[in-house]
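Please read the structure below before turning to the comments.
In the numbering used here, the protein residues as written are 424 to 804.
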């Protein structure tokens with residue numbers, strides 16, 4: 424199957440972004456391999472839309488998003504052929520005795536990107552929502568709906584034109600680390616062996632199976648996502664009249680949603696951390712009735728209009744215990760990098776996380792080395 428300077432294992436948005444940056448940095452031979460057909464719906468990167476935003480629980484993530492907005496998204500839009508998002512306001516709210524005050528504090532020092540308003544003012548601006556139990560509402564002016572499916576397709580088109588070797592539907596059965604510093608890394612597959620000088624693993628929920636030594640770091644949680652159709656005027660639920668939003672509840676009981684765009688109905692999901700661990704290979708999993716009922720109950724409390732029964736789909740989260748990313752070299756194997764475990768909020772960061780992984784492979788350092796505290800929180804622990 425050939426030898427390459429860098430092989431990217433996993434063709435979700437982080438893998439494709441990494442390959443994009445490898446090409447941009449002049450890497451002469453890149454391959455991207457995935458166990459499923461490209462653009463599949465088994466992992467974490469499928470679906471029509473995603474949220475992008477500045478409001479986060481941590482000032483570190485706010486700073487990272489500033490870099491995404493200032494440098495990486497404009498670069499993507501120039502190279503891939505934008506626009507790749509639709510600006511729409513973002514609403515972040517919750518009770519004062521939950522995690523909401525942490526979000527307020529994190530954005531306090533970042534200028535005029537985020538405006539704090541009363542629940543009454545938020546209801547005036549967005550009458551479709553009740554903002555139940557909100558202490559106040561943060562209006563994030565940087566928010567947008569990412570055109571996720573379009574981004575994935577454009578990244579693949581870019582890579583094909585750049586003559587990146589694209590290998591879909593090819594499971595890797597074993598990774599053979601190099602015996603010496605100069606020996607290649609080998610990836611055994613169902614159709615032969617692929618070798619590389621460097622390997623970047625962006626395999627999401629399957630990373631623990633590929634590298635058993637670090638499997639305890641990750642928990643895979645299958646999310647239940649509902650698309651609820653409003654029987655009233657559908658324009659009321661389209662961007663920018665309907666916001667992207669996050670309800671920050673007590674004890675991690677968080678929900679989020681997006682306007683109707685590219686699919687029938689508004690997107691509504693719970694940021695579910697509760698599973699003891701799901702099997703990413705279980706393609707027979709059916710929608711969980713209790714989770715769907717939770718979504719219905721949330722919609723009844725937080726929207727002013729009744730919604731029809733949802734269409735339901737699944738998405739995988741690959742979580743760490745603290746919900747931080749993992750962007751690190753494999754211990755003892757400096758030519759193998761891990762870029763995974765985005766805990767459900769990785770798509771919006773992919774333009775930057777791909778850059779970090781690619782720069783480390785090509786240059787030996789990355790732009791984020793100037794932020795050692797942030798990179799330390801993304802290390803394998």
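We treat Cβ as the ideally placed atom computed from N, Cα and C, and that holds for glycine.
- The shortest C-alpha to C-alpha distance from residue 471 to any of 724, 622, 574, 639 is the one to 574.
- The C-beta of residue 695 has 16 or more other C-beta atoms within 10 Å across all chains shown, which makes the residue buried.
- Burial check for residue 564: the Cβ neighbour count within 10 Å stays below 16, so the residue is exposed.
- Taking each of 804, 790, 803 in turn and checking the Cα distance to residue 487, the smallest one comes out for 790.
- By the C-beta density criterion, residue 592 is exposed, having fewer than 16 other C-beta atoms within 10 angstroms.
- CA-CA distance, residue 430 to residue 491, rounds to 24 Å.
- Counted as a single uninterrupted DSSP element, the stretch harbouring residue 654 is not any alpha helix (DSSP H), since DSSP gives it neither H nor E.
- Counting only the Cα atoms, residue 603 lies some 34 Å from residue 769.
- DSSP, read as helix, strand or coil, puts residue 742 in strand.
- Put simply, the backbone Cα of residue 623 is about 15 Å away from that of residue 765.
- Rounded to the nearest angstrom, the Cβ distance from residue 511 to residue 566 is 6 Å, consistent with a contact under 8 Å.
- Straight through space, the alpha carbons of residue 662 and residue 509 are spaced by roughly 8 Å.
- Residue 489 and residue 539 have their C-alpha atoms some 19 Å from each other.
- For residue 489, the enclosing alpha helix (DSSP H) begins and ends at 482-490.
- In the DSSP assignment, residue 757 falls within the unbroken beta strand (DSSP E) covering 756-763.
- The three-state secondary structure of residue 718, taken from DSSP, is helix.
- Its chain contains 433, 435, 466, 467, 739, 741, 763 as the residues whose beta carbon lies nearer than 7 Å to that of residue 627, once the 5 sequence neighbours on both sides are disregarded; these appear in chain order.
- Here the stretch 711-728 lies against the stretch 550-561, with 3 or more beta-carbon pairs under 8 Å apart.
- In this structure, the alpha-carbon of residue 780 lies about 43 Å from that of residue 731.
- Around the beta-carbon of residue 649, 16 or more other beta-carbon atoms lie within 10 Å, marking it buried.
- Only exposed fits residue 793, as fewer than 16 other CB atoms lie within 10 angstroms of its CB.
- Three or more Cβ pairs closer than 8 Å define a contact, and the stretch 635-651 falls short of that threshold against the stretch 606-621.
- Taking a contact as a CB-CB distance under 8 Å, the pair residue 537 and residue 561 counts as one, their CB atoms being some 5 Å apart.
- Within its own chain, the residues whose Cβ lies closer than 6 Å to the Cβ of residue 588, once the five positions on either side in sequence are excluded, are 454, listed in chain order.
- If you look at residue 609, you'll find it in the beta strand (DSSP E) that goes 608-612.
- Secondary structure at residue 580: helix, using DSSP grouped into helix, strand and coil.
- No Cβ-Cβ contact shorter than 9 Å links residue 612 with residue 625.
- By the criterion of a C-beta distance shorter than 8 Å, residue 685 is surrounded in its chain by 471, 472, 570, 572, once the five residues flanking it on both sides are discounted.
- Along the stretch 758-802, the alpha helix (DSSP H) occurs as fully enclosed runs of 4 or more residues at 773-785, 795-800, listed in sequence order.
- Between residue 691 and residue 680, the gap from beta carbon to beta carbon is short of 9 Å.
- The alpha-carbon separation between residue 476 and residue 771 amounts to approximately 8 Å.
- For residue 712, the three-state secondary structure derived from DSSP is helix.
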